[in-house]
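Report on the following structure.
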């Protein structure tokens, strides 16, 4: 570990908790897929997937405990992806 | 620096392994830069030959030397090789690899083995494209853009060159990751972000595009292959797919790729101009930030390649507006370069002459880009020679000319040899005249309605086609003279000094050629990158 970097220890309990949360969210996705939410069904599934990926990135990939620069890098990628979706939607939804 | 240290550790002669292996397995960033340089020059001349043959074919309407199908192959391969194997890796792979660590005061890049792997991936990607030429089905004929549904339906070899492009993408991503990490982690003590040379800033901005944009083309390529092999309806309308979706995905990568090509070139310009104007760059921070803003805005203008594809009117207006915004940071750079030259003590040496040529040609390329960025005028000239001319003014007149400028600027440092500068200067009018005869006529041809990628044409276009073809001969003569001069210098050139141009960035403090470890001791940086006060013996050039 580099000098100046804060030490961090994630307990097995936390890992198990995150794992259980991921399983629960997966079950939730599967369960609500049987309910007809109409146009917002996709949106709900994406929100759940987003929460799951935040858990994986934060705990399993340790980003929560890393330097701010890594969080910034991830933010750049996310903002870029969001911008691509928004700009492409100006075509798809207005054709 | 201790001269013994330099001589014993000359990176060109240093042997870590027997024979050629000391090059092919070298993790030294300078040797890897040269591996890229040699392979790229070979690919460049193959593509120049293909382009030369294309122009020869266009000398007369109908068949001159090749039939229509061969012509399709010629323009596809010319585009693919020039884009994927020459101009995208181009300046970052050669000069970036060689000079980024030296300019920030590091011994090497952050991941030297990954760096070597990226060269191998580059070669493997190139081989995939070459092998596809000789397999059953024949060479790819889709154009370098691989537009669907044709690329899904054609019987020529599409999958192998697509895989080649996929692999080349990985090479590009690895280089990008390496450069970002190197800039963040390996700067010498005192080398703050705002003391970095502008070439490093440009490479840094480019590396971000490489990392963030390239995966998109990888995914797109995989989807085309899946559709070709398994007939899954993704892009082909006959199978329920959306062909415009392909164009979105393709250009989401391929437009930022244009900035992968041009941004490092702009960085080289920002190095050469202060050296030969003997004064600090005008507007250092603004140029640094303009690189980042070009990278950022350049990412969001991709659909200006698709104005006539059937996109919605809303998106056409949005993308046209965004396209005009890119002109702002690009203009900032050009004005700052010119302002740097103003009242400078200009020494008109070979590298600066190439830079002057760049400013002229790139300005024409940039301004004609506005014609294409405007919706109404684009409809008139889209898919004509006008687009081909614009593209070549920006990419050849921009990136390739600056690659030549960089070669002449850094050649003494890279090889420790000096070329014949008179010959280098004599090559420039040939290149300039040939270039403009070849490509300016294409603007007129396009405006008059000559479509791109056509094998034959109406007789009224012939005079301009002849001028253009003769231009290609003059241009190639200039290129032969320029490369011949450099090869001659490699073999018989006089030894170069440590600092032949009076440059002040760190590479000019190490011997020519540099030692394996670059620096005997990592330097401590105390000034901005273009502080000429010590050389000029005055204070008005101080940062």
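Protein chains in written order, with the working numbering: chain B, 24 to 118; chain F, 275 to 817.
Each residue gets a CB set at the ideal place from its N, CA and C atoms; glycine is no exception.
Quick one: grab the DSSP three-state call for residue i.
i	result
residue 825/F	For residue 825/F there is no data in the structure shown, the boundaries of chain F being 275 and 817.
residue 733/F	helix
residue 24/B	Low confidence applies to residue 24/B: its pLDDT is 44, below 50, so where it sits in the model is not reliable enough to give any reading.
residue 795/F	coil
residue 789/F	strand
residue 283/F	coil
residue 617/F	coil
residue 658/F	strand
residue 291/F	coil
residue 769/F	strand
residue 725/F	strand
residue 475/F	helix
residue 32/B	coil
residue 449/F	helix
residue 501/F	helix
residue 62/B	helix
residue 105/B	helix
residue 587/F	helix
Do the CB positions of residue i and residue j come within less than 9 Å of each other?
i	j	result
residue 269/F	residue 457/F	Outside the shown range of chain F (275 to 817) lies residue 269/F, about which nothing can therefore be said.
residue 350/F	residue 414/F	yes
residue 509/F	residue 422/F	yes
residue 272/F	residue 479/F	No statement about residue 272/F is possible, as the shown extent of chain F runs from 275 to 817 and does not include it.
residue 722/F	residue 735/F	yes
residue 571/F	residue 475/F	no
residue 748/F	residue 780/F	no
residue 412/F	residue 431/F	yes
residue 688/F	residue 318/F	no
residue 477/F	residue 366/F	yes
residue 374/F	residue 468/F	no
residue 635/F	residue 683/F	no
residue 541/F	residue 471/F	yes
residue 441/F	residue 398/F	yes
residue 643/F	residue 671/F	no
residue 656/F	residue 582/F	yes
Quick check: what's the CA-CA separation for residue i versus residue j?
i	j	result
residue 717/F	residue 529/F	21 Å
residue 392/F	residue 382/F	15 Å
residue 395/F	residue 444/F	7 Å
residue 719/F	residue 731/F	11 Å
residue 347/F	residue 614/F	45 Å
residue 409/F	residue 429/F	12 Å
residue 673/F	residue 37/B	52 Å
residue 384/F	residue 516/F	42 Å
residue 759/F	residue 703/F	15 Å
residue 653/F	residue 518/F	17 Å
residue 304/F	residue 42/B	46 Å
residue 109/B	residue 566/F	21 Å
residue 473/F	residue 550/F	16 Å
residue 174/B	residue 92/B	Residue coverage of chain B in this structure runs from 24 to 118, which leaves residue 174/B outside it and unanswerable.
residue 708/F	residue 651/F	28 Å
residue 53/B	residue 611/F	59 Å
residue 771/F	residue 778/F	14 Å
residue 599/F	residue 564/F	12 Å
residue 427/F	residue 433/F	12 Å
residue 791/F	residue 284/F	9 Å
residue 286/F	residue 370/F	18 Å
residue 801/F	residue 389/F	30 Å
residue 814/F	residue 619/F	Because the pLDDT of residue 814/F is 44, which lies under 50, any placement of that residue in the model is unreliable, and the number read from its coordinates should be weighed accordingly. Cα to Cα, residue 814/F sits roughly 12 Å from residue 619/F.
Using the beta-carbon of each residue, which ones in chain B are nearer than 7 Å to residue i?
i	result
residue 598/F	Chain B residues near residue 598/F: none, gap ~15 Å exceeds 7 Å.
residue 491/F	Neighbours of residue 491/F on chain B: none; closest Cβ ~13 Å, over 7 Å.
Which chain F residues are close to residue i, counting only those with a beta carbon under 9 Å from its beta carbon?
i	result
residue 100/B	485 and 486
Using a C-beta to C-beta distance shorter than 8 Å, which residues of chain F count as neighbours of residue i?
i	result
residue 117/B	586, 587, 588 and 589
residue 106/B	573 and 574
For residue i, go through chain B and note every residue whose CB falls closer than 8 Å to its CB, in chain order.
i	result
residue 474/F	What residue 474/F touches in chain B: nothing, since even the nearest Cβ is about 17 Å away.
residue 592/F	110 and 113
List the residues of chain C whose Cβ lies closer than 7 Å to the Cβ of residue i, in chain order.
i	result
residue 97/B	Within the model displayed, chain C is absent; protein chains B and F are what it includes.
At a CB-CB cut-off below 9 Å, which residues of chain B make contact with residue i?
i	result
residue 577/F	110, 111, 113 and 114
Would you mind telling me which residues of chain F sit closer than 7 Å to residue i, beta carbon to beta carbon, in chain order?
i	result
residue 86/B	Those do not exist, as residue 86/B stays about 16 Å from chain F at its closest Cβ, beyond 7 Å.
residue 103/B	486 and 573
Cβ contact (3+ pairs, closer than 8 Å) linking the segment 537-556 of chain F and the segment 493-503 of chain F: With a cut-off of 8 Å, the segment 493-503 of chain F and the segment 537-556 of chain F do not count as touching, because too few Cβ pairs lie within range.
Touch test, the segment 517-533 of chain F against the segment 576-585 of chain F, Cβ-Cβ under 8 Å, three pairs minimum: The segment 517-533 of chain F vs the segment 576-585 of chain F: in contact.
Inter-stretch contact at 8 Å, needing at least 3 Cβ pairs: the segment 432-441 of chain F / the segment 397-417 of chain F: Enough Cβ pairs lie closer than 8 Å, so yes.
Contact between the segment 623-631 of chain F and the segment 676-688 of chain F (3+ Cβ pairs under 8 Å): Contact check between the segment 623-631 of chain F and the segment 676-688 of chain F: three or more CB pairs, one atom from each, fall below 8 Å, which counts as touching.
Cβ pair count under 8 Å reaching 3, the segment 687-703 of chain F against the segment 751-770 of chain F: The answer is yes - the segment 751-770 of chain F touches the segment 687-703 of chain F, with three or more Cβ pairs under 8 Å.
Stretch-stretch touch, CB-based, cutoff 8 Å, three pairs: the segment 358-377 of chain F with the segment 301-317 of chain F: Yes, they touch.
Cβ contact (3+ pairs, closer than 8 Å) linking the segment 110-117 of chain B and the segment 584-604 of chain F: They touch, by the three-pair rule.
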